[in-house]
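Have a look at the structure below, then the notes.
In my numbering, the protein residues as written are 8 to 168.
This is the structure in structure tokens:
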């Protein structure tokens, strides 16, 4: 019995995407269909039971795939699935700055027509308040790099990060 449990845990960990790699690939994923598909495929094994940060990245990757979908239905399906995963991740871990940054990046880059832009100011405020309390250097770098290129942050706000 112990062997089965250990085997299951080993397999689960073995197939988890590398978060450092995901963080590096995410900002580039919308640049080409190939990069978008690569990120999306690497996150396919992620389920709602996994790390909520990975769930958020999976949701974001799905919204990026909407850019390259064939036809309205496929684009809409990718976007809606991604949005739902992102909102699930935020609901499950609302105090996670990385998840809030991912959602903000998706909302900021979403077309107005999809109506998914309601939390940009809320997430920006959360990031500005909580950035200095973030312990992970990797997460701080990810959030800062996003904010520096974002139109939602003004220059004085960018200076704070």
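Quick reminder that beta carbons are idealized off the backbone N, C-alpha and C, glycines included.
What you are looking at is a predicted structure, and each value in this text was computed from that prediction instead of being measured.
Closest in C-alpha terms to residue 60, from the list 164, 29 and 75, comes 29.
When the Cα atoms are used, residue 112 and residue 36 turn out to be separated by approximately 12 Å.
Contact annotation: the stretch 98-110 does not touch the stretch 69-82, with fewer than three C-beta pairs closer than 8 Å. Where residue 160 is concerned, there is no enclosing alpha helix (DSSP H), because DSSP gives it neither an H nor an E. In the displayed model, residue 39 falls within coil according to three-state DSSP, outside both helix and strand. Scanning its chain for C-beta atoms nearer than 6 Å, with the 5 sequence neighbours on each side dropped, one finds around residue 168 the residues 138, 151 and 154, in chain order.
DSSP places residue 58 in the coil class of the three-state scheme, outside both helix and strand. Where residue 87 is concerned, the enclosing alpha helix (DSSP H) starts and stops at 78-99. For residue 25, there is no enclosing alpha helix (DSSP H), as DSSP marks it with neither H nor E. Looking at 105, 86 and 119, the one whose alpha-carbon comes closest to that of residue 144 is 105. Nearest Cα to residue 94 within the set 120, 77, 80 and 65: 65. Residue 117 is a Cβ neighbour of residue 124, given a cutoff of 9 Å.
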